[in-house]
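Asks: Per full-length UniProt numbering: the sequence shown ends with 34, consecutive numbering throughout. Virtual Cβ for every residue (Gly too), placed ideally from N, Cα, C.
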Amino acid sequence: MAFSSIPLDLVLGLGVAVLLFVYLLAALLRPELF
Numbered sequence: 001m002a003f004s005s006i007p008l009d010l011v012l013g014l015g016v017a018v019l020l021f022v023y024l025l026a027a028l029l030r031p032e033l034f
């Protein structure tokens with residue numbers, strides 16, 4: 001795998017950060033959904 005050299009905790013941290021960013025962006029753009 002090409003991702004074997006990347007630490008798993010770094011991948012998880014980036015994934016959580018991206019999910020939080022998308023969630024906050026959606027809440028700002030579409031507040032009627034929340």
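How many angstroms separate the CA atom of G13 from the CA atom of Y23?
Replies: Here residue 13 corresponds to residue number 13 of the sequence shown, with the count starting at 1. Here residue 23 corresponds to residue number 23 of the sequence shown, with the count starting at 1. Cα to Cα, the separation comes out at about 15 angstroms.
Asks: Residues in its own chain within less than 6 angstroms of L33 by CB, not counting five upstream and five downstream?
Replies: Position 33 of the sequence shown, counted from the first residue, corresponds to residue 33. Excluding residues within five positions, none has a Cβ falling inside 6 angstroms.
Asks: Tell me which residues share the same chain as L29 and place their Cβ nearer than 8 angstroms to its Cβ, disregarding the 5 neighbours each side in the sequence.
Replies: Residue 29 sits at position 29 when you count from the first residue of the sequence shown. Hits under 8 angstroms: none found.
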